[in-house]
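Chemist: I have a structure here, written as C-alpha cells, and I will follow up with some questions on it.
Residue numbers (the working numbering): 130 to 409.
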C-alpha cells in the first residue's frame, strides 16, 4: 500500500494523560547514567531535594504505535527515529498530572529509495503550564518517492575546526534495562534474540537515552546545570551499545553550543544543538 500523507496529516490524536511521581523521575535519571560517583547527581536521585531533568519530558504522553495502523501505508519495519528536538519552556515538577497533545506537522519526500520524513509535534503541560514542546522526526526508509513535498537540504551545523571542548560519558552495561522502565519496552533494547534478528550483536541503547546523556554531558562541559537546558536537538546517526563510552565534540555558539558524539570512530549523534536559560 502506498504512503498516505493526507491521512497522516489529518490524523486526530486523542489527548494522552499521564500521572508521574518522584520515583519515575528518579528512574529516568538512573536510565541516562546519573548516580556514578558524582555528588552533583544527587539532586536528581533523592526524593527530599528532587530536581527533574528537562529531557524526562520525552518519556511523557507518548502516542504509542499509532503509525503502525495499515491505512497510513507506512512500512513499519523500515521506520527509524531519525531526529529529536525539544524546547523546554518550564521546569517539570517532581510529580504531576500532565496532558500531551500530538499532531503531525509535516510529511516530506526524500525521493525514491531515500525515504520519507514525518515530523510529529507533542506539547506537554497541565492546566497552568506548558512544560515542553517536542518534535520527533521519523525516517520511513522504504516509503520515499510518493510525489510529496520535497525534504529541504539542511546544511551542517558542525564547524570545520577542532572542537572547543571534549566530554566523555561512559554508559552502564545495564543502561538499556534501566531506561526501558521509563516506558520504551521495545525488545530490541532488552532481548538478545530480538537484537540478533534485527542484525545487532546484542541489545542496543535507546536513542532517547543517548539524547538524555547529551543534555547532561554537554551542559556540564560548558559549566551549566542540566536543569538550565532550554533547547536540545540532535540526529541519531549510529548505534550505541550499553557499556559504550560516548565522546562528545562541542563547539560553543552565542546561544549555547553545537555538538557531535562518537563511540570510538563511529558517529552516534550528529547535528546536535543546545541552548541554556539563566540560572534561577
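Every residue, glycine too, gets a C-beta built ideally from N, C-alpha and C.
Could you please give me the residues that DSSP links to residue 396 through a beta bridge?
Modeler: Here residue 396 refers to the residue found at position 267 when the chain shown is read from its first residue. Its beta-bridge partners are 391.
Chemist: Can you list, in chain order, the residues of its chain whose CB lies under 6 angstroms from that of residue 166, leaving out five sequence neighbours each side?
Modeler: By 1-based counting over the chain shown, the position of residue 166 is 37. Excluding residues within five positions, none has a Cβ falling inside 6 angstroms.
Chemist: Going straight from the alpha carbon of residue 152 to that of residue 259, what length do you get?
Modeler: For this step, residue 152 is matched to residue 23 along the chain shown. For this step, residue 259 is matched to residue 130 along the chain shown. Taking the straight line joining both Cα atoms gives about 22 angstroms.
Chemist: Do the stretch 295 to 307 and the stretch 334 to 343 make contact, defined as three or more Cβ pairs closer than 8 angstroms?
Modeler: yes
Chemist: Where residue 180 and residue 353 are concerned, what is the direct C-alpha to C-alpha distance, given to the nearest angstrom?
Modeler: Residue 180 sits at position 51 when you count from the first residue of the chain shown. Residue 353 sits at position 224 when you count from the first residue of the chain shown. C-alpha separation (whole angstroms): 15 angstroms.
Chemist: Strictly under 9 angstroms for the Cβ-Cβ distance: is residue 216 near chain C by that measure?
Modeler: Looking at the structure shown, chain C is missing, and only one protein chain is on hand.
Chemist: On a Cα-Cα basis, can you pick out the residue from 373, 385, 403 and 406 that is closest to residue 396?
Modeler: Taking the first residue of the chain shown as position 1, residue 396 is located at position 267. For residue 396, the nearest C-alpha among the options comes from 373.
Chemist: Mind checking which residues open and close the beta strand (DSSP E) that includes residue 247?
Modeler: Counting from 1 along the chain shown, the entry for residue 247 is found at position 118. That run of the beta strand (DSSP E) goes 245 to 254.
Chemist: According to DSSP, is residue 325 part of a helix, a strand, or is it coil?
Modeler: Here residue 325 corresponds to residue number 196 of the chain shown, with the count starting at 1. Reduced to three states, the DSSP call for residue 325 is helix.
Chemist: Straight-line CA distance for residue 348 to residue 358?
Modeler: Start at 1 with the first residue of the chain shown, and residue 348 comes out as number 219. Start at 1 with the first residue of the chain shown, and residue 358 comes out as number 229. Distance between the alpha carbons of residue 348 and residue 358 is about 7 angstroms.
Chemist: Are the beta-carbon atoms of residue 148 and residue 204 separated by less than 9 angstroms?
Modeler: Residue numbering aside, residue 148 sits at position 19 when the chain shown is read from its first letter. Residue numbering aside, residue 204 sits at position 75 when the chain shown is read from its first letter. Against a cut-off of 9 angstroms, the Cβ pair of residue 204 and residue 148 comes out as no contact.
Chemist: Starting from residue 306 and walking both ways along the alpha helix (DSSP H), at which residues does that stretch end?
Modeler: By 1-based counting over the chain shown, the position of residue 306 is 177. Start and end: 304 to 308.
Chemist: List the endpoints of the continuous alpha helix (DSSP H) containing residue 134.
Modeler: Mapped onto the chain shown, residue 134 falls at position 5. Run containing residue 134: 134 to 139, per the alpha helix (DSSP H) assignment.
Chemist: What whole-angstrom Cβ distance do residue 376 and residue 295 have, given they're in contact under 8 angstroms?
Modeler: As a position in the chain shown, residue 376 is number 247, starting the count at 1. As a position in the chain shown, residue 295 is number 166, starting the count at 1. About 7 angstroms separates the two Cβ atoms, so the contact holds.
Chemist: Under a three-way DSSP split, which group does residue 352 fall into?
Modeler: As a working mapping, residue 352 is identified with position 223 in the chain shown. It is coil, neither helix nor strand.
Chemist: Once the 5 residues before and after residue 170 are set aside, which same chain residues still bring their CB inside 6 angstroms of it?
Modeler: Here residue 170 refers to the residue found at position 41 when the chain shown is read from its first residue. For residue 170, where only same-chain residues beyond five positions count, the Cβ hits under 6 angstroms are 163 and 164.
Chemist: When DSSP builds the beta bridges, which residues end up paired with residue 210?
Modeler: Here residue 210 corresponds to residue number 81 of the chain shown, with the count starting at 1. In DSSP, residue 210 forms a bridge with 267.
Chemist: Can you grab the Cα-Cα spacing for the pair residue 390 / residue 184, in whole Å?
Modeler: In the chain shown, counting from the first residue as 1, residue 390 sits at position 261. In the chain shown, counting from the first residue as 1, residue 184 sits at position 55. Distance between the alpha carbons of residue 390 and residue 184: 17 angstroms.
Chemist: Please state the DSSP three-state secondary structure of residue 290.
Modeler: Here residue 290 corresponds to residue number 161 of the chain shown, with the count starting at 1. The answer is coil: DSSP assigns residue 290 none of H, G, I, E or B.
Chemist: Give every residue of the same chain whose Cβ lies closer than 6 angstroms to the Cβ of residue 234, excluding the five residues on either side of it in the sequence, and list them in chain order.
Modeler: The residue you call residue 234 lines up with position 105 of the chain shown. Only 248 and 250 meet the Cβ criterion.
Chemist: Go ahead and pull the three-state DSSP assignment for residue 362.
Modeler: Residue 362 sits at position 233 when you count from the first residue of the chain shown. Strand.
Chemist: Smallest Cα separation from residue 157: which of 321, 208, 207 and 221?
Modeler: As a first step, residue 157 is located in the chain shown; it is residue number 28 there, counting from the start. Among 321, 208, 207 and 221, the Cα nearest to that of residue 157 is on 221.
Chemist: Closest to residue 230 by C-alpha separation, out of 355, 140 and 364, would be which residue?
Modeler: Position 101 of the chain shown, counting from 1, holds the residue named residue 230. Taking only the C-alpha atoms, the option nearest residue 230 is 140.
Chemist: Give the straight-line distance between the Cα atoms of residue 321 and residue 254, rounded to the nearest whole angstrom.
Modeler: Within the chain shown, numbered from 1, the residue matching residue 321 stands at position 192. Within the chain shown, numbered from 1, the residue matching residue 254 stands at position 125. Whole-angstrom Cα-Cα distance: 37 angstroms.
Chemist: Considering only their Cβ atoms, is the gap separating residue 261 from residue 216 smaller than 9 angstroms?
Modeler: The sequence position of residue 216 within the chain shown is 87, counting from 1. The sequence position of residue 261 within the chain shown is 132, counting from 1. Yes, Cβ-Cβ distance for residue 216 and residue 261 is below 9 angstroms.
Chemist: So, using beta-carbon positions, are residue 182 and residue 345 closer together than 9 angstroms?
Modeler: By one-based count along the chain shown, residue 182 stands at place 53. By one-based count along the chain shown, residue 345 stands at place 216. Against a cut-off of 9 angstroms, the Cβ pair of residue 345 and residue 182 comes out as a contact.
Chemist: Is the beta carbon of residue 132 closer than 9 angstroms to that of residue 228?
Modeler: Here residue 228 refers to the residue found at position 99 of the chain shown. Here residue 132 refers to the residue found at position 3 of the chain shown. The answer is no: Cβ separation not under 9 angstroms.
Chemist: Taking Cβ to Cβ, would you say residue 317 is nearer than 9 angstroms to residue 365?
Modeler: Your numbering for residue 317 matches position 188 in the chain shown. Your numbering for residue 365 matches position 236 in the chain shown. In this structure, residue 365 does not lie closer than 9 angstroms to residue 317 by Cβ.
Chemist: Helix, strand or coil: how does DSSP classify residue 155 here?
Modeler: Counted from its first residue, the chain shown places residue 155 at position 26. Three-state DSSP puts residue 155 in a helix.
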